[in-house]
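>
There are 2 protein chains.
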Amino acid sequence: MAVRLRDVADRAGVSARSVSNVINDFHYVSPAMRERVQAAIKELDYQPNLLARSLRQGRTGTVGFLLPEINVPYFGELAHQIVEQASELGLTVLIDETGGESHREMAQLEVMSRSALVDGILLSALGLSGHQLAQLRPRIPVVLLGERVAGSALDHVGIDNVAAAQDVTQYLVDSGRTRIAVMAEKHHPLAPTSRPRLKGYRAALASGGLAVDPQLVARVDHLRRQDGVDAMARLLALPHRPDAVFCVNDLLAIGALSELHRQRVRVPEEISVVGFDDVEECRFTIPTLSTVAPDKAEIARMALRILSERLAGSSEPPRDLRVQHRLTLRDSSVGAGG
Amino acid sequence: MAVRLRDVADRAGVSARSVSNVINDFHYVSPAMRERVQAAIKELDYQPNLLARSLRQGRTGTVGFLLPEINVPYFGELAHQIVEQASELGLTVLIDETGGESHREMAQLEVMSRSALVDGILLSALGLSGHQLAQLRPRIPVVLLGERVAGSALDHVGIDNVAAAQDVTQYLVDSGRTRIAVMAEKHHPLAPTSRPRLKGYRAALASGGLAVDPQLVARVDHLRRQDGVDAMARLLALPHRPDAVFCVNDLLAIGALSELHRQRVRVPEEISVVGFDDVEECRFTIPTLSTVAPDKAEIARMALRILSERLAGSSEPPRDLRVQHRLTLRDSSVGAGG
DNA sequence: CTGTTAGCGCCTTCAC
DNA sequence: GTGAAGGCGCTAACAG
């Protein structure tokens, strides 16, 4: 068995209380006492049992982060920011994957929120509907990340997806493109990423006086690179090809670039391509990819700040925090002047 | 306060023991008892406190996974495999980042291994030397993943990096290339990824009767895409350009492709490019990237299997498990016939 | 088959 | 400033 606080106390010839005092540097501990205890700790190579401490204190210092898949670049990058910032706050992060499926999201939430393993949860929900989320009565604070919102039932941090999609589509319109395609998930409730971005797309077309051509709305099953390849192939098979395509995420756009290259279609001369998320990969595609860049570091910062406040006992009404996004223009699209 | 096992027992009018029996479906519980207890559990919406259970049982059902950075595609993909396979074994994974720095690796190991939060640890070490690793006397099982080995002090799962690098370099030689460059990290103890791969590179050149031209060894600071861009630019500035380049990981190769495109050098006609890791991204670069593909799913499977055996009490001598790798040839290189 | 009870290791209220 | 003792919620001896 490992060495316990009790052993340290015995070794130092003091009470458990004093050892605890030193460890958590409490109140007034005499320098002599402190030194003796620390010597004993070092000699015995003692380290507190966090399980026992957590059980006793009713808190663990760990927050859960539920995300769809950790191997998806956007989530990997977001997780990186969260882990980094959490450690600055003295928090550990327990990452778990849900596959973006509602039943797994629900199950993980249940287990996490009631098992006493984490003090709070960050949730990037894809499967659960806003309605389902709003009906949760979590025992511990939950902060929602991303597109999904739960009415005003839960704290939420995200960018304005409609505005962002509108901005980037507007940019395509302004650059003189008239047949602007879009790649988005098939229409079902499980596609919260695509819906607001499609809405922004439509709004921009409308305000630019362009009609939405249904043929130019390419539906995909998932937001993966291969889906972008397939969708691009379908768009290129149209009698009247598009002269621009807005992909609701970067992976689709990367797949699109790949297919465009295979078919020798020049980007951006013949088609402008833009993505969404600004994952690292965008800066090295051929050509480099124009995209919408949400401020991931800021998302992480705000989400952890708001969660920390809840953990500290805040009972303000849930807030919906909007994080800035930028248009990051690179070589896959041509500016209004070009 | 949350509802406790005790509350369930009271509600059902039975003892705590019986509730515990039902929850962990033990021995022989009468159907009547089972039903009563389950009814009470449902009514009270009870869920066990995992902290208390773990403290009592001396095990948590959680394994730690220490990796350099979760946003690096290779580690994201590996983590995905590990999380997935662990959940099939009923294990939760606690992922933590170390930045690949030895002191952080050491600190995280200490905390994790002694805090009683995890039963065992998977460690992708970059900073700690084999010597340092061999001197660890972890209180809980530690399985090493990747290039770093600890003599025969710890279990280890990985591919044969020297052989893999030799295979891929040999392939370049066989395809008729004679000025084969390599991109690898600068020579310091903190670069365990590059060392064996460089060794394989040299071995293949030697066996192919080619001399190692020091000018063709491009050193990089990190294994990131931008480092690949910079290194490629330096190689292209040489009086005699290389006709092939072996990058010790895919991200370098992706950066190289980007710079080659910028300078209008045709791949693979003028230069063959090969990477290492077979991250998803490789299948969509322009041109698609030839690479060495370690079997990540198998790495995850073996690592968890060996860790499970340790958790079950195995005290066999530490093993060094070799996982298969394949050469995955795509368009960035030209085969022996082409 | 089920009830009673003693800790797992720690923190913290209460006394001194 | 320090010591003694109880309990966080659970499981597993030990009876019965």
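Sequence lines, in order, name chains R and Z. Counting with the numbering used here, you get residues 1 to 338 for the letters of the first sequence. Counting with the numbering used here, you get residues 1001 to 1338 for the letters of the second sequence. Cβ atoms here follow ideal geometry from the backbone N, Cα and C, with glycine treated the same way.
1) Quick check on the DSSP output: the beta strand (DSSP E) that includes Ala1039/Z runs from which residue to which?
2) With a threshold of 8 Å on Cβ separation, who are the neighbours of Pro287/R within its own chain once the five nearest residues in sequence on each side are excluded?
3) Could you please tell me which residues of the region 85-97 of chain R, in chain order, have their CB closer than 9 Å to any CB of chain Z?
4) What are the residues in the region 66-85 of chain R lying within 9 Å of chain Z by C-beta distance?
5) Using a Cβ-Cβ distance under 8 Å, would Gly1338/Z count as near chain R?
6) Quick check on the burial criterion: 16 or more other C-beta atoms within 10 angstroms. Buried or exposed for Arg17/R?
7) Which residues mark the beginning and the end of the beta strand (DSSP E) in which Glu97/R is found?
8) Can you tell me which residues form a DSSP beta bridge with Ala1181/Z?
9) Can you look up Leu1051/Z in the DSSP assignment and give me helix, strand or coil?
10) When the Cα atoms are used, what is the spatial distance from Gly338/R to Val1245/Z?
11) What is the DSSP secondary structure of Pro1138/Z, reduced to helix, strand or coil?
12) At what residues does the alpha helix (DSSP H) containing Pro196/R begin and finish?
13) Starting from Thr288/R, trace the beta strand (DSSP E) both ways and give me its first and last residue.
14) Straight-line CA distance for Gly64/R to Leu210/R?
15) Helix, strand or coil for Pro294/R, going by three-state DSSP, please let me know.
16) Give me the residue from Pro1239/Z, Val1182/Z, Leu1067/Z, Arg1202/Z with the minimum Cα distance to Val1220/Z.
17) Tell me which same chain residues have a C-beta within less than 8 Å of the C-beta of Arg139/R, skipping the five on either side of it?
18) Compare the Cα-Cα distances from Thr178/R to each of Glu270/R, His131/R, Gly146/R, Ser152/R and report the closest residue.
19) Hey, does Gln263/R have any beta-carbon neighbour from chain Z nearer than 8 Å?
20) Here's a check: name, in chain order, each residue in its chain whose Cβ is nearer than 7 Å to the Cβ of Ile1070/Z, leaving out the five neighbours to either side.
21) What does Phe26/R pair with, by DSSP beta-bridge criteria?
22) Can we say the region 1099-1110 of chain Z touches the region 1151-1158 of chain Z, given the rule of at least three CB pairs closer than 8 Å?
23) What residue does the alpha helix (DSSP H) around Leu252/R start on, and which one ends it?
24) Taking 8 Å as the cut-off, decide whether the C-beta atoms of Leu311/R and Pro141/R are in contact.
25) In this structure, does DSSP put Asp221/R in helix, strand or coil?
26) Using only the alpha-carbon positions, how far apart do Thr1291/Z and Thr1328/Z sit?
27) Could you name the residues of chain Z that Arg225/R contacts, counting a contact when the two beta carbons are closer than 9 Å?
28) Does Asn1021/Z get closer than 8 Å to chain R when you measure Cβ to Cβ?
29) Any beta-carbon of chain R closer than 8 Å to the one on Ala1116/Z?
30) What in chain R is Cβ-close to Arg1139/Z, meaning under 7 Å?
31) Tell me where the beta strand (DSSP E) around Asp1320/Z begins and ends.
32) Go through its chain and collect everything with a Cβ distance to Ala184/R's Cβ below 6 Å, but skip five positions before and after it.
33) Given a limit of 7 Å on CB to CB distance, which residues of the region 111-136 of chain R reach chain Z?
34) Given this structure, state the Cα-to-Cα distance separating Arg322/R from Leu67/R, to the nearest angstrom.
Checking against the coordinates, here is how it stands:
1) For Ala1039/Z, no beta strand (DSSP E) encloses it; the enclosing alpha helix (DSSP H) starts and ends at 1031-1044.
2) Leu257, Val267, Pro268, Arg330, Asp331, Ser332
3) Contact residues of the region 85-97 of chain R toward chain Z are Ser87, Thr92, Val93, Leu94, Ile95, Asp96, Glu97 (C-beta to C-beta distance below 9 Å).
4) Glu69, Ile70, Asn71, Val72, Pro73, Phe75, Gly76, Glu77, Leu78, Ala79, His80, Gln81, Val83, Glu84
5) Its pLDDT being 47, under 50, Gly1338/Z is placed unreliably by the model, and the measurement read from it follows with that caveat. Not one chain R Cβ lies under 8 Å of Gly1338/Z.
6) Burial call: exposed.
7) 92-97
8) Paired residues: Val1245/Z.
9) helix
10) For Gly338/R, the predicted model reports a pLDDT of 48, less than 50, meaning its position is unreliable; a value from the coordinates is still stated below. Going from the Cα of Gly338/R to the Cα of Val1245/Z covers about 36 Å.
11) coil
12) Run containing Pro196/R: 194-207, per the alpha helix (DSSP H) assignment.
13) Here Thr288/R belongs to no beta strand (DSSP E), and DSSP marks it neither H nor E.
14) 45 Å
15) strand
16) Val1182/Z
17) So the qualifying residues of the chain are Ser113, Arg114.
18) The residue with the shortest Cα to Cα distance from Thr178/R is Glu270/R.
19) no
20) Gly1076, Ala1079, Ile1095, Glu1097
21) None; Phe26/R has no bridge partner.
22) no
23) 250-262
24) yes
25) coil
26) 5 Å
27) Glu1280, Glu1281, Arg1283, Phe1284
28) no
29) Ala1116/Z counts as touching chain R.
30) Ala2
31) 1320-1323
32) Ser194, Leu198, Val248
33) Cβ contacts with chain Z come from Arg114, Ser115, Ala116, Leu117.
34) 20 Å
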